[in-house]
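The opening position of the sequence shown corresponds to residue 911 in the working numbering, with each subsequent residue numbered one higher. Since the structure comes first, as structure tokens, the remarks are kept for the end.
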Amino acid sequence: IVDFDGPNDPYNPLNWPFKKKVITTVLYGFTTMGSTWASSVYSPAINQVSEEFHVGTEVSLLGLSLLLFGFGVGPLLWAPLSEVYGRKPAVLAPYFIAATFSFGTATAKDIQTVLITRFFAGLFGSAPVTNTGGVLGDIWPPETRGIAIVGYAMAVVGGPVLGPIVGGAIVQSYLRWRWTEYVS
């Protein structure tokens, strides 16, 4: 149990200056957007993945499905870890690992690697989505928390909305499908 020394304790996130709270909210929002972005930026690349690895579109679509499956399984791990070890390590470490798996997808030599790395990118990438709500609950008092949650919700929805647009532009350019993973 975390205990603070009175209402003026500077280590209590509720007592942080407003500017620090806003910056923290924006940065956690960007990590969340980056994670949800990875879920959809791959979708315009499905045909190119299918052609490159000589598999059906159903198999290349499995890369999207496995990432989303990882998104579903990951919160079972990350939420309890954030309660035990703190929010920051339970968001930033998995987010970095998810980015590493995205690079693994981008450099994949076969479809199996694409599928495995996409699953683990989703598993680790779900940490910001899972824990950012807890971060906002820790730093914002109930009377102003709603505004922060609206910004967070826009970040969660913004990733899947912008991902296919940017992914489509990347896939249609000379960069090809691998760059959809490099920008994840």
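Ideal Cβ positions, reconstructed from N, Cα and C, are used throughout, including at glycine. Nothing here was measured: the structure is a model prediction, and the numbers come from that model.
Looking at the backbone, the Cα of Gly984 and that of Phe1013 are separated by about 19 Å. Of the residues assessed, Thr1054 falls on the exposed side of the cut-off, its CB having fewer than 16 other CB atoms within 10 angstroms. For Lys998, the enclosing alpha helix (DSSP H) covers residues Arg997 to Ala1016. Each of Thr946, Lys930, Val969 and Phe963 was checked against the Cα of Ala1008, and the nearest Cα belongs to Thr946.
The DSSP-derived three-state label of Lys1019 is coil. Bounds of the alpha helix (DSSP H) holding Tyr1062 are Pro1052 to Gln1082. In this structure, DSSP gives Asp1048 a helical state, which the three-state scheme calls helix.
In the displayed model, Trp1087 falls within coil according to three-state DSSP, outside both helix and strand. Gly980 has its alpha-carbon roughly 24 Å from the corresponding atom of Val1081. Linking Gly1044 to Gly939 through their CA atoms gives a straight-line distance of about 12 Å. Of all alpha-carbon atoms in Phe1006, Leu1072, Ala1003 and Pro954, the one lying nearest the alpha-carbon of Gly973 is that of Pro954.
Collapsing the DSSP output to three states places Pro923 in a helix.
Asn957 carries a helical assignment under DSSP once its states are collapsed to helix, strand and coil.
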